[in-house]
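Chemist:
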Amino acid sequence: MEFLKPYSSQNNSSSVVTIGTFDGVHIGHQKIIGRLIKVGKEKELKSVVLTFFPHPRMVLQKHSNLKLLNTIEEREAILSSLGLDQMVIKTFTKEFANLSAHDFVKTVLVDALHAKHIIIGYDHQFGKDRSANIDDLKAFGKEFGFEVEEISAQDVKDVSVSSTKIRTALQEGDIITANAYLGYPYFLTGKVIKGKGLGKQIGFPTANIHIEEDYKLIPKDGVYLVKGILKEKTLFGMMNIGHNPTVGGIHQSIEVHFFDFETNIYNESIRIEFLERLRDEHKFASLELLQEQLKKDKVNAEKLLNANG
8 MEFLKPYSSQ NNSSSVVTIG TFDGVHIGHQ KIIGRLIKVG KEKELKSVVL
58 TFFPHPRMVL QKHSNLKLLN TIEEREAILS SLGLDQMVIK TFTKEFANLS
108 AHDFVKTVLV DALHAKHIII GYDHQFGKDR SANIDDLKAF GKEFGFEVEE
158 ISAQDVKDVS VSSTKIRTAL QEGDIITANA YLGYPYFLTG KVIKGKGLGK
208 QIGFPTANIH IEEDYKLIPK DGVYLVKGIL KEKTLFGMMN IGHNPTVGGI
258 HQSIEVHFFD FETNIYNESI RIEFLERLRD EHKFASLELL QEQLKKDKVN
308 AEKLLNANG
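Take 8 as the starting number for the sequence shown in our numbering and just add one per residue.
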């Protein structure tokens, strides 16, 4: 089996495993992860999330335009912060999708992960053509010596509803709702690249952020209050996502103006957390009018920061 990140920190360590994409690792997911970690501690098993990359829909649906809440690296960082022992990433291919349920259980869950306890949704389907279900998994458990714990219908529903609401909220620019369902601020991670320098000309220098992963969901165009994390340094500012219509822009850009910060950070990796949405992106009749609006945005942003401590 080909794993992007082999499960090998302790060879042959028995594990408690759950399976899924866990995109967003939102509050519904966190409940399941909490249960996974609890069982791991009680039974002295390594807690493991088995996930797949690319997302199965990206492989099986030829023209899928699926956008994800996390890059695979972001997902791993969030899971680790919750106390998970290991996230194992299985490369998802059409060949893997054709693996029989029995072979999947034996080669992945038993031989590779040494699973002794599996926590899974009541409606989970797996194996070629998704032909096997939780009852089949319980039968395999008797064959291979692992227990199967069922995630309730309500918890499975909560996970599905939360994921849908988060994506919809972000696409509508509703950061408050998205963050409430995530249990943390939605964020982007990218590299600072050179822009056209227009912001500097009008007194609002910006860091242009390049997101390498084209599957990462970018919130609705507009101006946002954000927090930046750069080498453990915290910065606050306002971000514009859009096409710079005032100067005839064509391509979408992501630009952040950090308050009271003038250090050169080109080529640095940075994390940008969304706190609130300030307004839509507008086309202004002149750069002077744009500058005046940015001054108002900054005052508004600083009021929000002060109000929230």
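Virtual Cβ for every residue (Gly too), placed ideally from N, Cα, C.
What you are looking at is a predicted structure, and each value in this text was computed from that prediction instead of being measured.
What is the residue span of the alpha helix (DSSP H) that L294 lies within?
Modeler: Taking the sequence shown and counting its residues from 1, one reaches residue 294 at position 287. L294 -> alpha helix (DSSP H) spans L294 to A314.
Chemist: Buried or exposed for F99, going by 16 or more other Cβ atoms inside 10 Å?
Modeler: The residue labelled residue 99 in the question sits at position 92 within the sequence shown. Buried, because 16 or more other Cβ atoms sit within 10 Å of the Cβ of F99.
Chemist: Grab the span of the beta strand (DSSP E) containing T114 for me, first residue to last.
Modeler: Numbered from 1 along the sequence shown, position 107 holds the residue referred to as residue 114. Where T114 is concerned, there is no enclosing beta strand (DSSP E), given that its DSSP letter is neither H nor E.
Chemist: Using the Cβ count rule (16 or more neighbours within 10 Å means buried), how would you classify D6?
Modeler: Any property of residue 6 remains undetermined from this structure, which presents the chain solely from 8 to 316.
Chemist: Going by DSSP in three states, I96 sits in which element: helix, strand or coil?
Modeler: Within the sequence shown, numbered from 1, the residue matching residue 96 stands at position 89. Here I96 sits in strand by DSSP.
Chemist: Does the beta-carbon distance from L35 to D165 come in below 7 Å?
Modeler: As a first step, residue 35 is located in the sequence shown; it is residue number 28 there, counting from the start. As a first step, residue 165 is located in the sequence shown; it is residue number 158 there, counting from the start. Checking the sequence shown, residue 35 turns out to be Gly, not Leu. Yes, the pair counts as a contact, with Cβ atoms nearer than the cut-off.
Chemist: Kindly indicate which residue of V55, V46, H121 and S71 has the alpha-carbon position closest to the one of D221.
Modeler: The count along the sequence shown starts at 1 and reaches residue 221 at position 214. Answer by Cα proximity: S71.
Chemist: Is T213 buried or exposed, if buried means 16 or more other CB atoms sit within 10 Å of its CB?
Modeler: On the sequence shown, position 206 is the one that residue 213 refers to. With 16 or more other Cβ atoms within 10 Å, it is buried.
Chemist: Quick one, are the C-beta atoms of L189 and H289 less than 7 Å apart?
Modeler: Along the sequence shown, read from residue 1 onward, the residue named residue 189 stands at position 182. Along the sequence shown, read from residue 1 onward, the residue named residue 289 stands at position 282. Using a Cβ distance threshold of 7 Å, L189 and H289 do not count as a contacting pair.
Chemist: Which same chain residues, not among the five before or five after V117, have their C-beta less than 6 Å away from its C-beta?
Modeler: Along the sequence shown, read from residue 1 onward, the residue named residue 117 stands at position 110. Answer for V117: F151, listed in chain order.
Chemist: In whole angstroms, what separates the C-alpha of H258 from that of K223?
Modeler: In the sequence shown, the residue the question calls residue 258 occupies position 251. In the sequence shown, the residue the question calls residue 223 occupies position 216. Answer to the nearest angstrom: the Cα atoms are 17 Å apart.
Chemist: Could you name each continuous alpha helix (DSSP H) segment of 4 residues or more that falls completely within the segment 187-237, going from the start of the chain to the end?
Modeler: Taking only runs of at least 4 residues, the alpha helix (DSSP H) segments lying wholly in the segment 187-237 are 205-208.
Chemist: Taking the C-alpha atoms as reference points, what is the distance between G27 and D136?
Modeler: Position 20 of the sequence shown holds residue 27. Position 129 of the sequence shown holds residue 136. Approximately 17 Å, taken between the alpha carbons.
Chemist: Look up G90 in the DSSP assignment and say whether it is helix, strand or coil.
Modeler: Numbered from its first residue, the sequence shown carries residue 90 at position 83. Correct three-state label for G90: coil.
Chemist: Taking 6 Å as the limit between beta carbons, can you name the residues of its chain near S276, skipping five residues before and five after?
Modeler: Counting from 1 along the sequence shown, the entry for residue 276 is found at position 269. K198.
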